[in-house]
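A.B. asks:
Number of protein chains: 2
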Amino acid sequence: MPSGAMAVNPNILEMEYAVRGPIPQRAAELAAGGMQVISCHIGNPQALGQSPIYYYRQILSLIEDPSRIGRERALKSLLKRLPQAESGLSKEGEFSSEAALEMGETILSRLGTGVGAYTESKGPAFIREAVARYIDERDGVTDSDGKRSDPENIFLTNGASEGARFVIETMLADPKDGIMVPIPQYPLYSATIRRCGGVQVGYFPDEDAGWTLNRSILEEALSSARDGGVKVKAIVVINPCNPTGAVLDDDDVKDVCTFAREHGLAIIADEVYQDNVYGASFVSFAKAVGRDELPLFSLHSTSKGFHGECGHRGGYLEVRNPPRLEVGSGNFVDILLKLASVNLCSNTMGQVLTYLMVSPPKSDSDLHARYIREKEGVLRALHEKAVMIRESFEKMRGLFCFGRIGAMYLFPRLGKLPEGTTDFDYCMRLLETTGLCTVNGAGFGQKTGTWHLRIAFLPPKEVLSNVLSKWIDFHNGYVPGE
Amino acid sequence: MPSGAMAVNPNILEMEYAVRGPIPQRAAELAAGGMQVISCHIGNPQALGQSPIYYYRQILSLIEDPSRIGRERALKSLLKRLPQAESGLSKEGEFSSEAALEMGETILSRLGTGVGAYTESKGPAFIREAVARYIDERDGVTDSDGKRSDPENIFLTNGASEGARFVIETMLADPKDGIMVPIPQYPLYSATIRRCGGVQVGYFPDEDAGWTLNRSILEEALSSARDGGVKVKAIVVINPCNPTGAVLDDDDVKDVCTFAREHGLAIIADEVYQDNVYGASFVSFAKAVGRDELPLFSLHSTSKGFHGECGHRGGYLEVRNPPRLEVGSGNFVDILLKLASVNLCSNTMGQVLTYLMVSPPKSDSDLHARYIREKEGVLRALHEKAVMIRESFEKMRGLFCFGRIGAMYLFPRLGKLPEGTTDFDYCMRLLETTGLCTVNGAGFGQKTGTWHLRIAFLPPKEVLSNVLSKWIDFHNGYVPGE
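Read top to bottom, the protein sequences are chains Z and E.
Residue numbers for the first sequence follow this note's numbering, so the first one is 1 and each next one is one higher.
Residue numbers for the second sequence follow this note's numbering, so the first one is 1001 and each next one is one higher.
As structure tokens, then:
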């Protein structure tokens, strides 16, 4: 006797994820119909023409087919003995550099069994050790002035999203458990909290003061949640911020630490845009926490920065000062390990890419100059494109965008919209009129009565320049006059 | 005011996953201490020396560094013009075959933006289309006698585990919702059901009849769960079975379909060992369901078979006849898409490997002969190693192992153990005495009062032969005499 229609998990039913929601779905339809769509709804640099870093791909290619290492050496020696014209190849330099061959050999020897075997569930120890060294060097930590990163508390993950889910899923023990998230926020957090059946507690950085934080903003959000019976367990901070681009300074980071410490919260620090600061300084939470006992979960990824390797799904989670658990619950890191174990391990190519991200070519390596040139080129171009877009904003009536540039996004406030319409309508019409695909502010959360959109500053300049002039015309025709 | 110790998610706290539990952890300690450990606790072929399939790695290597395609062509033409001795390279054949270069170009052209960009959350359409063609060809489906696989209902996933989790997490709407799983089972299922807060409903294939199924076994498990107030939503079938190695025949598969249809259950078919049948026939659930409206979720992976690419985390989930949902809940496939979207996409190298798995070299390709030789070589060696182990079982007092060989595992019943000891004690002592790492039956579930272990038949023959003689001695010394 067949039963009737199936009921599905209400948390998943109610979960929303705008970055892949109706606007990008409409964009896909328009593209299928022949329209030139410019995909600025997602931070996906290589889809918009950004070239991979040569160092990364050289080595990943060798690792997939280790027999190439010997062949490349034989070839380079052959080509040295041949007149260039005869070889039919333009130059020896097209082959893997000696530094790449050596790095490939090192990685293969440390992996032991190549990239086709499952690794430890946390990832291979040598990669976790390299991540720990990277964190300490980035933060200038020495034994005398801080706490070293512990490779046993590092997990290699499929992108940063997986690490965030592990932590949130473990922490949410009860439907009244809550996690503070900035509004606006990257919807991974709202979606994951909803998926795990917890309460999202929004806090609202001050847009008019450049999306800055202060204690009263945090305290207000926390007390109001506690008054409602919510047990707040952690605060998520996204720095540099997706979607606003705000970059926290030293004082902001310390403020969050003080707040979390006083209220017994853990910090979940999403730092995947740490290289996207364009001249400003990135202050890590790991550095600010120092020798303190404040629980900290930091996330990083190979997808952003100048790396842009979204498809490889590399990333890591560092746990620092794991929260003390109730008696009999064991250790937080062991619980995370159990979650990681059910997935067996993260993908090995993403693991190796994470190793390369934290192990750039040494300054005496024949790959160093090209790596630096590519890195600086990508970051400079991103900054220039952000500035181009900001300049167009000046020509759009009523639109406001705060001053600093960070991450890969601008998040302007739209001002007055036609009666009865929202930022969703604006973004949909913008897409249909100009081919520019953005995400409306509601997808990230925003203060009631304000309207925004997020644009990723990734397309090639000539594409951007062309669509920006169309956008200005669209905007000034669409929004009401003063 | 800091709060006290943190409470964590009780479902995760209670979740167990023996494949990465205390026995393999002890093995890691012993290996660190210098003991030669033989890792038969997990199906990880390349960790035990199985070579990757050349076709896969050639192309993956080219895809990571597309500039190699042009260089390889120039080189091959150069080497043709040089006397072999002068080149210093043994032969032209060491370079990528023309078929590999062409396949690399095809994949890059279909991807459009290389492997560094996020893809559609389900995976690129051309790969999903290739998976659908593979399924139809495997099952001999034509328009007249069955239902074609729909690429829109296929999700590329990080291994098969991710697909299983998506389905189970979506289905479990209530703490009284349950899913039937075979006992013994691969503990991904028990762990995921526990993690999602649902009820595991075990059914017990008949070990003495070669782990076969029959209707009364299924009916009994279902009625007993329903009597306990559990709403059973689906039945998991693992075929070929991990851990028992049992392979279902046509009648078994049809029986499960009839049972599921009559009781309104969905089927979750874990078919990751479909190539590991060693002369028997694999019958897919997709073929058995045919034009029926029975909801089916089928899983496959690049990790097993003769592929053995565990580290690349490639796989797919095919949904056939998605369950009808309650009014207002939309469509099951759309809900799965939302879950996939929060992860952005599965790793692209795993996606490409899945494409290669379902697109073997054509018979006129210069890669075909080598591919067939490697495929048959791996499968033949696996079978021979299973037979070697079974022959040793004959010499172990009281041990029983059913007749057929499937998947990558043998799952013998241990018979009488020393008073007060369990299969856990046996496996731990076996490890400490001989270096052989297995997983005890309790890790997979077993009938009360029976003891088993699972051994993966993967180590090289000489290693296996050496450890098997030690195992026989250990066993006959450890278990009580008649």
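Glycine included, each C-beta is placed from N, C-alpha and C at the ideal position.
These numbers come from a predicted model, not from an experiment.
Quick check: what's the CA-CA separation for residue 303 (chain Z) versus residue 52 (chain Z)?
C.D. replies: Going by the C-alpha atoms only, they are around 11 Å apart.
A.B. asks: Can you list the beta strand (DSSP E) stretches of 3 or more residues lying completely in the segment 149-203 of chain Z, in chain order?
C.D. replies: With a minimum length of 3 residues, the continuous beta strand (DSSP E) runs that stay inside the segment 149-203 of chain Z are 154-156, 177-182 and 199-203.
A.B. asks: Which residues in the same chain have their Cβ closer than 6 Å to the Cβ of residue 1131 (chain E), if we skip the five residues on either side of it in sequence?
C.D. replies: The residues are 1154, 1316 and 1358.
A.B. asks: Find the residues of chain Z that neighbour residue 1348 (chain E), judging by a C-beta separation of less than 7 Å, and give them in chain order.
C.D. replies: 311 and 312, listed in chain order.
A.B. asks: From the DSSP secondary-structure annotation, give me the bridge partner or partners of residue 231 (chain Z).
C.D. replies: Answer is Z:177.
A.B. asks: Going by Cα to Cα distance, which pick from Z:234, Z:340 and Z:8 is closest to residue 172 (chain Z)?
C.D. replies: Answer by Cα proximity: Z:234.
A.B. asks: Tell me, to the nearest whole angstrom, how far the beta carbon of residue 484 (chain Z) is from that of residue 314 (chain Z); I am working on the premise that it is less than 8 Å.
C.D. replies: Because chain Z here runs from 1 to 482, residue 484 (chain Z) falls outside it and cannot be looked at.
A.B. asks: Report the CB separation of residue 1096 (chain E) from residue 1058 (chain E) in whole angstroms; it is logged as a contact under 8 Å.
C.D. replies: Confirmed, about 5 Å.
A.B. asks: Identify, in the order they occur along the chain, each residue of the same chain with its Cβ nearer than 8 Å to the Cβ of residue 54 (chain Z), setting aside the five sequence neighbours on each side.
C.D. replies: Closer than 8 Å at the Cβ level, and outside the excluded window around residue 54 (chain Z), lie 367, 370, 371 and 374.
A.B. asks: Beta carbon of residue 1282 (chain E), beta carbon of residue 1271 (chain E): below 9 Å?
C.D. replies: The answer is yes: Cβ separation under 9 Å.
A.B. asks: Which two residues bound the contiguous beta strand (DSSP E) that contains residue 266 (chain Z)?
C.D. replies: That run of the beta strand (DSSP E) goes 266-270.
A.B. asks: Our contact map puts residue 1409 (chain E) next to residue 1245 (chain E) with C-beta atoms below 8 Å; I'd like the distance itself, whole angstroms only.
C.D. replies: At roughly 5 Å, the Cβ-Cβ gap stays under 8 Å, so residue 1409 (chain E) and residue 1245 (chain E) are in contact.
A.B. asks: Output, in sequence order along the chain, the residues in the segment 112-123 of chain Z whose CB is closer than 7 Å to any CB in chain E.
C.D. replies: Answer in chain order: 113, 114, 115, 116, 117, 118, 119 and 121.
A.B. asks: Can you name, in chain order, every residue of its own chain whose Cβ lies under 8 Å from the Cβ of residue 1468 (chain E), other than the five neighbours on each side?
C.D. replies: Hits under 8 Å: 1388, 1389 and 1392.
A.B. asks: Closer than 9 Å, CB to CB, is residue 1230 (chain E) near chain Z or not?
C.D. replies: False, the Cβ-Cβ gap to chain Z never drops below 9 Å.
A.B. asks: How far does the alpha helix (DSSP H) with residue 67 (chain Z) in it reach, from first residue to last?
C.D. replies: First-last of the alpha helix (DSSP H) with residue 67 (chain Z): 67-81.
A.B. asks: Within 9 Å of any Cβ in chain E, is that where the Cβ of residue 484 (chain Z) sits?
C.D. replies: Here chain Z covers residues 1 to 482 and nothing more, so residue 484 (chain Z) does not appear.
A.B. asks: Answer with yes or no whether the minimum CB distance from residue 418 (chain Z) to chain E is below 9 Å.
C.D. replies: So, not an interface residue.
A.B. asks: Quick check: the Cα distance between residue 1274 (chain E) and residue 1414 (chain E), rounded to an integer number of angstroms?
C.D. replies: Distance between the alpha carbons of residue 1274 (chain E) and residue 1414 (chain E): 27 Å.
A.B. asks: Helix, strand or coil for residue 1353 (chain E)? Go by DSSP, reduced to three states.
C.D. replies: It is helical.
A.B. asks: Looking at the structure shown, is residue 400 (chain Z) part of a helix, part of a strand, or coil, going by DSSP?
C.D. replies: Three-state result, residue 400 (chain Z): strand.
A.B. asks: Nearest to residue 1429 (chain E) by alpha carbon, out of E:1461, E:1405 and E:1476?
C.D. replies: Nearest of E:1461, E:1405 and E:1476 to residue 1429 (chain E), Cα basis: E:1476.
A.B. asks: What residues in its chain sit with their C-beta under 7 Å from that of residue 1211 (chain E), if we drop five residues either side in the sequence?
C.D. replies: So the qualifying residues of the chain are 1205, 1241, 1244, 1246 and 1402.
A.B. asks: What residues from chain E crowd round residue 61 (chain Z), counting only those whose CB sits closer than 7 Å?
C.D. replies: By Cβ distance, chain E contributes 1061, 1064, 1065 and 1068.
A.B. asks: With burial defined as no fewer than 16 other Cβ atoms inside 10 Å of the residue's Cβ, what is the status of residue 1128 (chain E): buried or exposed?
C.D. replies: Buried.
A.B. asks: Assuming residue 62 (chain Z) contacts residue 7 (chain Z) under a Cβ cut-off of 8 Å, what Cβ separation, rounded to an integer in Å, is found between them?
C.D. replies: No, residue 62 (chain Z) and residue 7 (chain Z) are not in contact; Cβ-Cβ is about 51 Å, not under 8 Å.
A.B. asks: In chain order, what are the residue ranges of uninterrupted alpha helix (DSSP H) at least 4 long that sit wholly in the segment 216-262 of chain Z?
C.D. replies: Taking only runs of at least 4 residues, no alpha helix (DSSP H) segment lies wholly in the segment 216-262 of chain Z.
A.B. asks: Should residue 1297 (chain E) and residue 1163 (chain E) be called a contact, given that it needs their Cβ atoms to be closer than 9 Å?
C.D. replies: Result yes, Cβ atoms of residue 1297 (chain E) and residue 1163 (chain E) sit closer than 9 Å.
A.B. asks: Show which residues of chain E have a CB atom less than 7 Å away from the CB atom of residue 169 (chain Z).
C.D. replies: Result: 1009 and 1012.
A.B. asks: Taking all protein chains shown into account, decide if residue 1177 (chain E) is buried (16 or more other Cβ within 10 angstroms of its Cβ) or exposed.
C.D. replies: Residue 1177 (chain E) is buried by the Cβ-count criterion.
A.B. asks: Got a sec: which bits of the segment 437-448 of chain Z sit with their beta carbon under 7 Å from any beta carbon on chain E, in order along the chain?
C.D. replies: So nothing in the stretch comes that close.
A.B. asks: Within its chain, find whatever has a CB closer than 6 Å to the CB of residue 1483 (chain E); leave out the 5 residues flanking it on each side and keep chain order.
C.D. replies: Since the first residue of chain E shown is 1001 and the last is 1482, residue 1483 (chain E) is not available in this structure.
A.B. asks: Rounded to whole angstroms, what is the Cα-Cα separation between residue 1324 (chain E) and residue 1454 (chain E)?
C.D. replies: Between residue 1324 (chain E) and residue 1454 (chain E), the C-alpha separation is close to 38 Å.
A.B. asks: Give me, in chain order, the residues of the same chain whose beta-carbon lies closer than 7 Å to that of residue 1252 (chain E); leave out the 5 immediate sequence neighbours on both sides.
C.D. replies: Excluding residues within five positions, the ones whose Cβ falls inside 7 Å are 1212 and 1213.
A.B. asks: List the endpoints of the continuous beta strand (DSSP E) containing residue 453 (chain Z).
C.D. replies: It spans 453-456 - the beta strand (DSSP E) in which residue 453 (chain Z) sits, taken as one unbroken run.
A.B. asks: Roughly how many whole angstroms lie between the Cα atoms of residue 167 (chain Z) and residue 268 (chain Z)?
C.D. replies: Going from the Cα of residue 167 (chain Z) to the Cα of residue 268 (chain Z) covers about 8 Å.
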